[in-house]
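Just so you know, we're using the numbering used here here: the sequence shown kicks off at 60 and counts up by one.
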Amino acid sequence: MTYNSPLSDGRAADLAAALAATDPQTVLDIGCGWGELLLQLLAAAPAATGIGVDTDPRTLARGRANADDRELTSRVAFLEGQAAELASGPADVVLCIGSSQAFGSNADALRALYPLVRPGGRLLFGDGIWERPPSAELIEALGGKDGTTDLAGLIDHAISAGFRPLAIGSATRAEWEQFESGYLADWEEWLVRNDGHPEAAAVRGTADAHRDRWLRGYRDVLGFSYLILGRPA
Numbered sequence: 060m061t062y063n064s065p066l067s068d069g070r071a072a073d074l075a076a077a078l079a080a081t082d083p084q085t086v087l088d089i090g091c092g093w094g095e096l097l098l099q100l101l102a103a104a105p106a107a108t109g110i111g112v113d114t115d116p117r118t119l120a121r122g123r124a125n126a127d128d129r130e131l132t133s134r135v136a137f138l139e140g141q142a143a144e145l146a147s148g149p150a151d152v153v154l155c156i157g158s159s160q161a162f163g164s165n166a167d168a169l170r171a172l173y174p175l176v177r178p179g180g181r182l183l184f185g186d187g188i189w190e191r192p193p194s195a196e197l198i199e200a201l202g203g204k205d206g207t208t209d210l211a212g213l214i215d216h217a218i219s220a221g222f223r224p225l226a227i228g229s230a231t232r233a234e235w236e237q238f239e240s241g242y243l244a245d246w247e248e249w250l251v252r253n254d255g256h257p258e259a260a261a262v263r264g265t266a267d268a269h270r271d272r273w274l275r276g277y278r279d280v281l282g283f284s285y286l287i288l289g290r291p292a
């Protein structure tokens with residue numbers, strides 16, 4: 060799985076190009092995982108340096124290895140911890156994709172991210188949205204707390220936080236299918252090779268339950284937005 064969100068290679072390239080066009084010197088990726096988009100942005104913006112922050116040491120190790128493979132090690136640091144503690148100051152570009160829960164709601168996240176973006180800088184904010192109203196059963200299946208809004212509501216939150224929306228996009232069904240298939244792939248490949256394994260029943264149950272939640276639950280209901288937001292100078 061290349062990205063830990065429903066994101067195609069084409070959309071990723073377009074986002075990286077749009078952000079690189081602002082000629083950033085500093086980039087901060089909050090909840091970076093293995094930092095694939097961060098690395099693509101640094102490759103497209105050769106004057107920039109980046110910091111990726113996450114709490115998962117395994118994904119950070121993958122990011123460091125990928126940076127080494129692309130000869131970007133001197134321009135990026137992958138740090139374990141919280142962004143508020145590790146950020147050295149406002150960055151020209153801030154990435155926060157699928158990590159709003161670290162701040163509370165998406166509205167909370169946008170307010171918290173505002174001071175981390177340099178005046179005149181950009182925030183790439185990726186977050187879940189409702190494509191259509193969810194059932195009470197779906198909300199419960201996804202954790203029981205509905206802090207998600209529709210796309211229009213998310214834009215309202217961004218404006219209330221002080222940002223201006225410069226580009227608005229949402230993941231396609233094809234991007235979701237690629238993401239969900241990738242999420243399930245390790246389990247399914249293992250099951251194909253290890254059908255008689257003592258743990259196969261448990262792995263099969265986990266994979267089938269997730270697929271069922273997707274196909275019979277949140278497919279075409281839960282969406283994912285990609286917003287390029289500008290902080291006024």
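All C-beta atoms, glycine included, are put in the ideal place defined by N, C-alpha and C.
{"Asked": "contact_flag[the region 152–162, the region 179–187] where n(CB pairs < 8 Å) is 3 or more", "Found": "yes"}
{"Asked": "Those residues which DSSP pairs with residue 162 across a bridge", "Found": "Note: residue 162 sits in no beta bridge, so no partner."}
{"Asked": "Contained beta strand (DSSP E) runs [length at least 3] in the region 109–195, N- to C-terminal order", "Found": "135–139, 150–156 and 176–189"}
{"Asked": "Whole-angstrom distance between residue 147 and residue 135, CA atom to CA atom", "Found": "14 Å"}
{"Asked": "Cβ-based neighbour list, residue 312, same chain, cut-off 6 Å, excluding 5 preceding and 5 following", "Found": "Absent from the model: residue 312. The displayed extent of the chain is 60 to 292, so no value can be given."}
{"Asked": "Residue of 89, 80 and 113 minimising C-alpha distance to residue 105", "Found": "80"}
{"Asked": "Collapsed DSSP secondary structure at residue 223 in the structure displayed", "Found": "strand"}
{"Asked": "Status (buried if at least 16 other CB within 10 Å, exposed otherwise) for residue 290", "Found": "buried"}
{"Asked": "Own chain, CB closer than 6 Å to residue 88, minus 5 neighbours either side, in chain order", "Found": "94, 97, 111 and 154"}
{"Asked": "Straight-line gap, residue 296 to residue 240 (C-alpha atoms, nearest Å)", "Found": "Outside the shown range of the chain (60 to 292) lies residue 296, about which nothing can therefore be said."}
{"Asked": "Three-state class that DSSP yields for residue 68 in the structure shown", "Found": "helix"}
{"Asked": "Inter-stretch contact (C-beta, 8 Å, three-pair minimum) for the region 63–80 and the region 280–290", "Found": "yes"}
{"Asked": "Residue 74 CB to nearest heavy atom of the ligand GDP below 7 Å", "Found": "With respect to the ligand GDP, the structure shown offers nothing to examine, as it has no ligands at all."}
{"Asked": "For residue 62, the three-state DSSP class (helix, strand or coil)", "Found": "coil"}
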